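Student: Note that the UniProt record's numbering has the sequence shown beginning at 2, numbered continuously upward. If you scroll down you'll find the structure; I have some questions about it.
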Amino acid sequence: GVAAKIAPSMLSSDFANLASEAKRMLSLGADWLHMDIMVWLLFSYPVMLAIEFASSYFSVWNCVSFILIISILRHFVPNLTIGAPVIESLRKHTTAYLDCHLMVTNPLDYVDPMGKAGASGFTFHVEVSKENWQELVQKIKAKGMRPGVALKPGTPIEEVYPLVEGEYPVEMVLVMTVEPGFGGQKFMPETMEKVRVLRKKYPSLDIEVDGGLGPSTIDVAASAGANCIVAGSSVFGASEPGQVISLLRKSVQG
Ligand code: DX5
Ligand code: ZN
């Protein structure tokens, strides 16, 4: 079978005390630390390219300012969290597995910095890696990280099959159980069908679930076949986070 990995999401921790929060979670039994790397998206990529193209018909200054604004906005989720410098700082305080979830439109740009910073896992989104995933996975491995692919609730599971079966396969699939962006959202049970299908097809694959997991939702996720469990608000918001971690583990291990 596949081993249970309980991964508290540090997004719900006190960012000003990240090292001690990480150590606290590890001492309470966490296997991994889940790190959410997000930047902000306003438009889809084709829309932005169209705007950039259109802007080239205006004056030079219009063009320059358009491109500046667009490059700032060319991202994936409505939130900003942490980046490689924070991973690098945290790495100095712990040898733990840093399970990095990149909610960005340009994951290739982050492979080098995240590798240097000491990330352990590098999970990118399939929605933004349709063409270059082979190169991406190869580079992630070359930097000594473990490649994973994530998908949003609305993305069909078939989209990750080629990445699991490719010449350079990903080693984990992260099935998002909320829309990416924020901690503390409600678990979407309709995403469990994807986990079931995936587990049936790949008995030994690491399948991670992320969003709204806690004591009241873990059983449905565990019985669907998830073995890597991300939990932010349910762990950090509990009066006894250690009890939540062991409850999650128990549910996955049966
Ligand atoms: C959401 C992030 C999650 C988030 C989960 O975009 O990917 O990792 O921190 O938080 P909870 O467990 O509170 O839903
Ligand atoms: Zn995440």
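C-beta: ideal position from N, C-alpha, C; glycine also. Remember, it's a predicted structure, so these values are computed and weren't measured experimentally.
Check for me: the beta strand (DSSP E) holding residue 256 runs from which residue to which?
Tutor: This structure gives no information on residue 256, because the portion of the chain shown stretches from 2 to 255.
Student: Under the rule that 16 or more other beta-carbon atoms within 10 Å means buried, what is residue 9, buried or exposed?
Tutor: Label assigned to residue 9: buried.
Student: Among the candidates 211, 196, 28, 238, whose CA atom is the shortest distance from the CA of residue 96?
Tutor: Of 211, 196, 28, 238, the residue nearest in Cα terms is 28.
Student: Mind checking residue 207: buried by the 16 CB within 10 Å criterion, or exposed?
Tutor: Buried.
Student: Which class does residue 38 belong to by DSSP, given the choice of helix, strand or coil?
Tutor: DSSP places residue 38 in strand when its eight states are reduced to three.
Student: Are residue 115 and residue 78 close, meaning C-beta to C-beta below 8 Å?
Tutor: Their beta carbons are not under 8 Å apart, which means residue 115 does not touch residue 78 by this criterion.
Student: Classify residue 196 as helix, strand or coil using the three-state DSSP reduction.
Tutor: Note: residue 196 maps to helix in three-state DSSP.
Student: Report buried or exposed for residue 20, applying the criterion of at least 16 other Cβ atoms within 10 angstroms of its Cβ.
Tutor: Exposed, because fewer than 16 other Cβ atoms sit within 10 Å of the Cβ of residue 20.
Student: Indicate, with yes or no, if the ligand DX5 has a heavy atom lying under 7 Å from the CB of residue 118.
Tutor: No, the Cβ of residue 118 stays beyond 7 Å of every heavy atom of the ligand DX5.
Student: May I ask which residues mark the beginning and end of the alpha helix (DSSP H) holding residue 237?
Tutor: Where residue 237 is concerned, the enclosing alpha helix (DSSP H) stretches over 234 to 237.
Student: What is the rounded straight-line gap between the Cα of residue 175 and the Cα of residue 132?
Tutor: Their Cα atoms are separated by approximately 19 Å.
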